[in-house]
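Protein chains in written order, with this note's numbering: chain A, 13 to 182; chain B, 13 to 182.
Beta carbons: idealized from backbone N, C-alpha and C, even for Gly.
One structure is given here, and the rest of the page talks about it.
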DNA sequence: GGAATTTCAACACAATTTTATATGATTACT
DNA sequence: AGTAATCATATAAAATTGTGTTGAAATTCC
């Protein structure tokens, strides 16, 4: 698998969740809340949200009554930005980003393919804003409700890593 | 980074290398040879080539004078096949391939995006055969020769993991 | 037949990164 | 002051990315 890491996946869901709560002047959302709704551990969310804060995609409010909010409106945040923050870049291999990484570039056909594939992927992710993702989600939920949910909503979640482990823990 | 693993990267270069040596009736190529040319350890190449053999993309010939050859002509092997063998699939997340993986699918916008992005990526990789990659490589080499190589060919290679390590070992 | 060459197989080991969990300190609101 | 939340750091399990070793099996060459 060409792995999109959990950071990227959880982080995207975190941001969609924040987008869902985003309204003018709405109170900050606490991580416990997101943790419950998305079924991701608070501790891990804390780690994931740090780079998002540094990148100024989210704002934090400390102390009682605090929490997190999007730093900008959902329509002003692109999926690509989120992934670049959390995955380092949308790139598939280091040697595309980092010209010092590899001196084989001149004669490496693979290099050209990975570079172009990375661009294709980035362009795809660049299409969507958080607002778009939110709309997709609402639509899907409505559809699921309308023709009855064939697979009733379980507690496991998309992109979640801690299911199906040797250790039954958690 | 949305990581294309070393298996996929090294395996692709391995296959391009085999394609380069592929001519009707040409002798099998030994791993030592590929190891020297691509600067990848023999031990690791051995691991990588096993699934390629099982998938019948390469043939092995044992004993003295033996080695490996492509099982089919370079124009009959698609990059996508190689990556699917080595990466498991061209998929970005498990929940797209494995419907049992996650029950959030119905209401998960992210799921839809990852699934579609996976398809985009697969379609891209599906365009190229080993013959195409070989042509690209020859062209690049010719270009590098014609206008003088600005960055002289080093010994490090694209997608190689054992450079820039804390332990200088290798 | 025997020596050399090469794949094939099965381990053991280790460094690094990813994927988390645990604990406690710090900040700021009420 | 008390409490709720972020912030910071330590720890650990698991996967990835390799290397090392030993030997068996097949094939060619002498």
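* Asked: For residue 32/B, which option in 157/B, 18/B, 141/B has the closest C-alpha, if you only look at C-alpha atoms?
  -> 141/B
* Asked: On the three-pair Cβ rule with 8 Å, is the region 118–125 of chain A touching the region 74–91 of chain A?
  -> no
* Output the residue ranges of the beta strand (DSSP E) runs that lie fully inside the region 55–141 of chain A and measure 3 residues or longer, sorted by chain position. => 70–73, 79–82
* N-terminal and C-terminal residue of the alpha helix (DSSP H) that residue 13/B is part of -> Per DSSP, residue 13/B belongs to no alpha helix (DSSP H) and is neither H nor E.
* the region 91–103 of chain A: which residues have C-beta closer than 8 Å to a C-beta of chain B, in chain order? -> 91, 95, 99, 100, 101, 102, 103
* Cα-Cα separation, residue 135/B to residue 39/A -> 43 Å
* Do residue 22/A and residue 52/A have their CB atoms nearer than 8 Å? -> yes
* Asked: Roughly how many whole angstroms lie between the Cα atoms of residue 101/A and residue 41/B?
  -> 37 Å
* Taking 8 Å as the cut-off, decide whether the C-beta atoms of residue 26/B and residue 50/B are in contact. => yes
* Asked: Do we get a CB-CB distance below 8 Å when we pair residue 145/B with the residues of chain A?
  -> yes
* Neighbour list for residue 56/A in chain B, Cβ cutoff strictly below 9 Å -> The contacting residues do not exist; residue 56/A stays about 16 Å from chain B at best.
* Closer than 7 Å at the beta carbon, the chain B residues around residue 24/A -> 122
* Asked: Using the C-alpha atoms, what's the distance from residue 137/A back to residue 71/A?
  -> 23 Å
* Asked: Taking Cβ positions, are residue 28/B and residue 146/B nearer each other than 8 Å?
  -> yes
* **Supposed close pair residue 67/B, residue 97/B - CB separation, criterion 8 Å** => 4 Å
* Close beta carbons around residue 129/B, own chain, < 8 Å, minus the five adjacent residues each side -> 104
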